[in-house]
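All residue numbers for the sequence shown refer to the numbering used here, where the first residue is 9 and numbers rise by one.
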Amino acid sequence: MLISLLDGLTLFSIILLIVGFVLIGIELTAPGISVPGVAGTICLGISVILTADTIEEGVIMTLCILAVLGLMLGIMLWLLAKGKLVKPIILTDEQKKTEGYISSSDLEYLLGKEGIALTDLRPSGVGSFDGVNFDIISEGQYVLKGTEIVICKVEGSKLVVKVK
């Protein structure tokens with residue numbers, strides 16, 4: 009029976025079948041695009057229609073195609089579980105301060121600095137410290153423009169101030 013299925017294969021239908029599997033393989037490795045998956049499904053469908061002489065042959069070919077697609081998906085999931093597809097695209101190096109890397113938002117040196125609120129803090133605004141302006145946040149209270157303030161906490165790039 010399988011040999012009789014192969015009798016109706018033409019070069020065009022074989023090419024469509026291979027192109028369909030390749031496009032679906034591309035869709036599996038780059039999900040979210042959808043175009044290769046849809047085009048691959050259309051190629052596989054046209055290949056079945058061109059090759060099958062009867063409905064039974066079409067159903068058998070469709071089941072064979074689904075089995076191969078299931079195998080492709082299984083291999084893909086196995087590779088994902090092992091991390092073989094993900095590891096090459098994930099950066100695992102760390103940029104540590106001890107190795108000379110400095111974050112652009114490393115503002116710890118400002119802790120304890122005194123300055124002046126250039127705008128009203130409700131609770132955020134702008135303050136000047138040693139002639140440099142920074143976006144700042146008060147500890148929650150309203151602070152008037154011109155009030156002397158001190159940086160009491162640095163959280164990443166966020167400067168928290170309190171009234172001096």
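Glycine residues also receive a C-beta, built at the ideal position from the N, C-alpha and C atoms.
Taking residue i as the reference, give the member of the options with the closest Cα.
i    : options                : result
E156 : G120, K172, T106, D143 : K172
V169 : V140, G139, D138, L129 : L129
L119 : D143, S146, L167, D138 : L167
P44  : S55, I32, D114         : I32
V27  : L17, G40, L115, S55    : S55
V140 : L115, K161, S146, E163 : L115
G164 : C72, Y117, M69         : Y117
G53  : T70, E65, G40          : T70
What three-state label does DSSP hand residue i in the structure shown?
i    : result
G40  : coil
A60  : coil
V94  : coil
L99  : coil
K172 : coil
K104 : coil
M9   : Any reading at M9 needs caution, since the residue's pLDDT is 49, under 50, leaving its predicted position unreliable; the model's value is listed next. Residue state, collapsed to three classes: coil.
L167 : strand
From residue i to residue j, what distance separates their C-alpha atoms?
i    : j    : result
L88  : L77  : 16 Å
I46  : L81  : For clarity, residue 46 is Val in the given sequence; the question names Ile instead. Those two C-alpha atoms are separated by around 16 Å.
L19  : W86  : 33 Å
S42  : V67  : 25 Å
T127 : L99  : 41 Å
L36  : G48  : 11 Å
M9   : I83  : With a pLDDT of 49 at M9, under the threshold of 50, the modelled position of that residue is not reliable, and no figure is offered here.
I175 : G91  : The chain is shown from 9 up to 172; residue 175 falls before or after that span and cannot be answered.
S177 : F142 : Beyond the ends of the chain as shown, which are 9 and 172, falls residue 177; an answer cannot be given.
C160 : L152 : 18 Å
L24  : K105 : 55 Å
A60  : I34  : 26 Å
F29  : A38  : 14 Å
G40  : K95  : 19 Å
Below 8 Å, is the gap between the Cβ of residue i and the nearest heavy atom of the ligand ATP?
i   : result
L74 : You won't find the ligand ATP in this model; it holds no ligand whatsoever.
Assuming residue i and residue j are in contact, meaning their beta carbons sit under 8 Å apart, how far apart are those beta carbons, in whole angstroms?
i    : j    : result
D138 : K121 : 7 Å
G133 : I144 : 6 Å
G148 : P131 : 6 Å
S21  : L79  : At roughly 21 Å, the Cβ-Cβ gap does not stay under 8 Å, so S21 and L79 are not in contact.
Output the residue ranges of the beta strand (DSSP E) runs that lie fully inside the region 109 to 159 and measure 3 residues or longer, sorted by chain position. 122 to 125, 132 to 137, 140 to 146
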